[in-house]
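Just so you know, the sequence shown maps onto residues 1 to 295 in full-length UniProt numbering. For reference, the structure is listed below as C-alpha cells.
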Amino acid sequence: MAQDSGTRTLISPAQLRRGRGKVVYWTLLAVVVVGFTLIFLGPLYWMVTGALKSGQEIAQTPPSLFPADPELRNYADAWTNLNLAKLLFNTFYYAIGALLFQLVLDTAAAYALSKLRPVFGNLILALMLATLMIPAMVLIVPQYVTVIDLPILHLNLLDSPFAIWLPAVANAFNIFLLKRFFDSIPEELMAAALVDGATPLRTLWSIILPMSRPILGVVSIFAVTAVWKDFLWPKLVMPSPETRTVSVGIYAFSGGTPMNVVIAASVIAAIPTVVVFLIFQRNIMSGLTTGSLKG
1 MAQDSGTRTL ISPAQLRRGR GKVVYWTLLA VVVVGFTLIF LGPLYWMVTG
51 ALKSGQEIAQ TPPSLFPADP ELRNYADAWT NLNLAKLLFN TFYYAIGALL
101 FQLVLDTAAA YALSKLRPVF GNLILALMLA TLMIPAMVLI VPQYVTVIDL
151 PILHLNLLDS PFAIWLPAVA NAFNIFLLKR FFDSIPEELM AAALVDGATP
201 LRTLWSIILP MSRPILGVVS IFAVTAVWKD FLWPKLVMPS PETRTVSVGI
251 YAFSGGTPMN VVIAASVIAA IPTVVVFLIF QRNIMSGLTT GSLKG
C-alpha cells in the first residue's frame, strides 16, 4: 500500500507516472470496465434488440447483433395480445400495497428494537436474522398452507392481494437495515423529545422519519422490485387470469405467442423498475452507507 497526502492506494503515484506502470494500469482498468459493462448490459441489449427482430431472425444461428428490419409493431402486439395494461396495473397495485405495509410495520418494528429496546429485543432480532439463512424455496409450502387456510380466521386468501402483501411484510433484511439506520440517530434527540413531552409515536413521526428518508427510499426500492420481479409465489397464489402479475401473465401467454412478441412484452415489463432505479439510485448508496456510521 502506498500513501500520498493522506490517500492510501494499491499503486503509488510514482509507479503510475512511469511509462510501463501507466500503460498496465489503464489497460487493466479499461478491460475491467468494458468487461463488466458487457456482462451487465449485454442481456439488456439482446432483449431490446430481440424485440425488434422478426420471428425468423430471432431464431437464426448465429444470432445477429442488429435487427435487419426493425419491427416496432412487436411492442404494439405485445401490449394488445398479452393485455399488458391489466397485468401492469395488477403488479403496480400489489407492489404499492406491499410497500405501504412494509413502511408502516417494518419501520415500527425497527424503531421498537432500536430505540424502545423491549425485553428480549436482541433475541428477537437474532431470530429474525436467522430466517435469512433459510432458503426461500423451503418456506413456499408452509406459506402456501397458511394462505389457503389463514390461522384463527380460517380464510382462503388465494386471488387476494393479501396473499402477496402479508408475506412481504415479514422482511427481516429491511427491518435490519432500518434498525441500523435508527441506531445511528443520536440519543440526545430522543432525550430532548422526551423532555418536551413527546410520546414515542410522536418522536417517531416528527424526528425519526424525517431524518430517515434515505433508508426509507432504499426500503421502498427493495419492496417494489421484489414484488415486481417475483414469479413463483404470485403464480401459486394468483391462479386467476384476472389477478395475475406481469411476470406470470407473460409466462402464461408465452406458449402460443411468437418469441419476439414475448421479448417485447418483457422489455415493457422491465421499464418501470429501470426507471425507478435510475431515479432513486443515489438513495441506495446514501441509505446503505449512512446507517453504518455513528453520530
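Here a beta-carbon is modelled for each residue, glycine too, at the ideal position from N, C-alpha and C.
- For residue 249, the CB contacts under 6 Å within the same chain, skipping 5 residues up- and downstream, are 87 in chain order.
- Straight-line spacing of the CA atoms in residue 120 and residue 63 works out to 59 Å.
- Of the candidates 232, 212, 81 and 147, the residue whose Cα lies closest to the Cα of residue 183 is 212.
- Around the Cβ of residue 239, a 10 Å sphere holds fewer than 16 other Cβ atoms; the residue is exposed.
- Secondary structure at residue 27: helix, using DSSP grouped into helix, strand and coil.
- Taken through DSSP and simplified to helix, strand or coil, residue 53 comes out as coil.
- Contact check for residue 124 and residue 113: beta-carbon distance about 7 Å, within the 8 Å limit, so the pair qualifies.
- In this structure, the beta-carbon distance from residue 175 to residue 110 falls below 7 Å.
- Around the beta carbon of residue 89, a 10 Å sphere encloses fewer than 16 other beta carbons of the protein chains shown; the residue is thus reported as exposed.
- Relative to the Cα of residue 273, the nearest Cα in the group 95, 163 and 74 belongs to 95.
- The Cβ atoms of residue 205 and residue 91 do not sit closer than 7 Å to each other.
- Contact between residue 39 and residue 260 does not hold, since their C-beta atoms are separated by about 24 Å, which reaches or exceeds 8 Å.
- Counting the other CB atoms within 10 Å of its CB gives residue 71 a total of 16 or more, which places it among the buried residues.
- In the structure shown, residue 247 adopts helical secondary structure according to DSSP, grouped into three states.
- Relative to residue 128, the option among 137, 169 and 278 whose CA is nearest is 169.
- Shown here, residue 123 sits in a helix according to DSSP, grouped into three states.
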